[in-house]
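In the numbering used here, the protein residues as written are 32 to 236.
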Amino acid sequence: MIVPAQGEPLPEPALAAAVEALRAGLVVGIPTDTVYGLAVDPTRPGATDRLFEAKRRPRDVDLPVLVATPEQALLLATAVPVAATRLMDRFWPGPLTLVLPRAPEFTGDLGEDEATVGVRCPDHPVPRALCAEVGPLATTSANRHGEPTHETAAAVADDLGEAVAIVLDGGACTGSPSTVVDCTGLEPRLLREGRVPWAHVLAAI
């Protein structure tokens, strides 16, 4: 089912439908500031397994997390280095994912790695509204593992079918994915260069 979700704030029918599905442990397709994504509440039993199955993604490829605010991200992590907080201040909301030491209190299922968590605050009203309502969301791009990403809600629904409960239609989502930076060591380390150039990351640090 495709639900219109354009506008800020997120239209109430779209918000209510997505929140209901997420709280039921189902997979929801969402627009972001980079590409369309699949989202689940990782604290709901079975939800992450459904996402891995829909994506056909192996469980040893852990899921990143979207958050509504930097403050929400800090609840998921521990011993956050100064460099990471500087990057949050400079690039969030935006297309930068930070890998941080995972807080022991965060018990959400993201895959096999329980030592770290990749977090991002997106520059898009839909995922931020959902995270504010439901909590941090485990996400991945809305396509089969290893295949090209989709630019429209209709393409997501056609490809993934009944594996996704609803798809929120936020218009076209195009462009490169987020840049991913590992902040768990002594110095930040580039894992994937995406929309934020690595040179800009280094300058901000």
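Where is the CB? At the ideal position from N, CA and C, for every residue including glycine. Note that the structure is a prediction, hence the values are computed from the model and not measured.
| Item | Value |
| --- | --- |
| I33 versus P126, V195, G177, V165, residue with shortest Cα-Cα distance | V195 |
| Buried versus exposed call for T171 [16 or more other C-beta atoms within 10 Å across all chains shown] | buried |
| Helix, strand or coil at V130 [DSSP, three-state] | strand |
| Beta-carbon proximity of V96 to L105, cut-off 8 Å | no |
| Under 8 Å between C-beta atoms of T308 and V92 | A query on residue 308 cannot be resolved here, the shown segment of the chain reaching from 32 to 236 and no further. |
| Status (buried if at least 16 other CB within 10 Å, exposed otherwise) for T65 | buried |
| According to DSSP, residues forming a beta bridge with I236 | Paired residue(s): none; I236 is not in a bridge. |
| Three-state class that DSSP yields for D120 in the structure shown | helix |
| G216 CB to nearest heavy atom of the ligand MG below 7 Å | Inclusion of the ligand MG in the displayed structure is not the case, the ligand content being empty and no account of it being possible. |
| Pairwise C-alpha distance: A230 and G142 | 31 Å |
| Cβ-Cβ distance between T74 and G139 below 8 Å | yes |
| Beta-carbon proximity of T215 to V130, cut-off 8 Å | yes |
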